[in-house]
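One structure is given here, and the rest of the page talks about it.
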Amino acid sequence: MPLKSLFEPFQFKSLRLPNRVVMAPMTRSFSPGGVPTEQVAQYYERRARAAVGLIISEGTVVNRPSSSNDPNVPRFWGADALPAWKKVIDTVHAAGGVMAPQLWHMGAVRNRRSDWLPPAPMEGPSGLSAPGKQFGEAMSDAAIADTIAAFAQAAADAQALGFDAIELHAAHGYLIDQFLWDGTNQRSDSFGGTTLTERSRFAVEILKAVRARVGPDYPVIIRLSQWKQQDYAARLARTPQEMEDWLRPLADAGADIFHCSQRRFWESEFDGSDLNFAGWAKKLTGKPTITVGSVGLSGEFIASFGGESSKPASLDELLRRLTRGDFDLVAVGRALITDPQWVMKVRDGQHDQLLDFSPSALATLL
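Note that the sequence shown covers residues 12 to 377 in the numbering used here.
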């Protein structure tokens, strides 16, 4: 398949990208005490210099006491972390790059570290880390209001620091997604409900608050998934109508671009159509979408957690769908962890120089 569609410019609102390749957000835990280092800035700079169209940062947590389960995940608040992020974006811009921070609250999830605890109990809509598994505390009305305000403040800070857009992490069983999922949202108030539209209220209120702070022209991306880290087979929307009931309120509240996470981008979302999640999101909302999931590699990323390596794979199916207009942008994860030059090698036809992915690459910031 010709590469032309992957290297066409993309523009939406103030976001202007030289091509359709996005660096996917990937947690790296190389920010001691939550403060990005010079090494982190250089990590992103290398991708900016090597023609990545849009860089989305690793998840960076908002200002809540238990928003993180790892002290080395970066923060997007505080007198030490925000100046460090300013250095990151200035470095990326100097290299010709475009970047958005991914704003995150992990919710009620298990600690990644056995030797560290956050300063307050983990929190979620019902204090459930998974269906039937109590962990942490159910959020009060005041905690919900404070969390919405924390996301809005982080978005305003990102805009003030010079970032080109922001992304809200509402996928993979973390806080916003815990409100969406009936398995972890057992609330009986206005932030709960039996329908996906009702359970979307928390995400909607965050989007409204963010939009009020950043104005109408600043690009707001939201990352969503059907699957959860707690249950790979989980599905929020089982029909196109349920998906529309889920996504349209988010679009109306201020979401500009839907980042649609799948484990394998080529898998169809619903019977009777070969459209994937990003394809359906674009069809149902008319908004631009990002597809993601095992792009450019033979194995999918969940297997990499068990030590499985992956080899470069054909992009033909991806290009077929992109050329057809199913989605607008393509997020690449592990291939860009291993090789900062991945985009340039693909662009220049240097397929024999593409690198395998090994989980050992996660131990350093290449």
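The beta carbon of each residue, even a glycine, is placed where N, CA and C say it ideally should be.
None of the values given here were measured: they were computed from a predicted structure.
Nearest candidate by alpha-carbon position, reference residue i, set the options
i	options	result
T300	W291, V306 and P323	W291
F281	H270, A262 and A248	A248
T38	S272, G44 and D81	D81
A95	G194, P47, A106 and C271	P47
A182	I233, G194, K144 and P351	I233
T375	Q53, A176, P13 and D168	Q53
I100	A163, A141 and I177	I177
Q113	T349, F202 and L235	L235
P251	G336, Q241, L207 and Y243	L207
D337	I159, T349, F368 and K298	K298
I187	E216, A262 and A346	E216
Q364	L373, F23, D350 and P370	D350
F373	I348, S201 and A153	Checking the sequence shown, residue 373 turns out to be Leu, not Phe. L373 has its Cα closest to that of I348, out of I348, S201 and A153.
Close-in-space but distant-in-sequence residues of the same chain around residue i (CB under 6 Å, 5 per side omitted)
i	result
A149	S137 and G138
A342	V33, A35, I301 and V303
Q170	V225 and Y229
N30	F18 and G64
N-terminal and C-terminal residue of the beta strand (DSSP E) that residue i is part of
i	result
T349	Segment R345 to T349 is the alpha helix (DSSP H) holding T349; no beta strand (DSSP E) there.
R27	L26 to L28
Short Cβ contact (7 Å threshold) for residue i with residue j
i	j	result
A92	G45	yes
L308	S321	yes
M133	A156	no
V357	A61	no
E311	R274	yes
W257	E328	no
K97	L26	no
P142	G194	yes
L330	M12	yes
G135	Q197	no
Cut-off 8 Å between Cβ atoms - residues of its own chain near residue i, not counting five sequence neighbours on either side
i	result
W192	G184, R210, K239, A245 and L247
A161	V73, N74, R75, S78, W88 and H116
G108	Y55, E56, R58, A59, R60, V63 and I66
G265	L218, K219, V221, R222 and V231
Q380	Look at the range of the chain in this structure, 12 to 377, and you will see that residue 380 is not part of it.
Residue range of the alpha helix (DSSP H) that includes residue i
i	result
P94	A92 to A105
M355	W353 to R358
Cβ neighbours of residue i in the same chain (closer than 7 Å, five flanking residues each side left out)
i	result
V103	Y55, E56, A59, I66 and M110
Query raised in the report: Counting only runs that start and end within the stretch 218-296, where is the beta strand (DSSP E) found for 3 or more residues in a row?
Result: Counting only runs of 3 or more, we get 231-236 and 268-272.
**Report entry** 3 or more residues per run - each beta strand (DSSP E) lying fully within the stretch 135-187
**Finding:** Counting only runs of 3 or more, we get 139-141 and 177-180.
Query raised in the report: Of all the beta strand (DSSP E) runs that stay within the bounds of the stretch 58-87, which reach a length of 3 or more residues?
Result: You should have 65-72.
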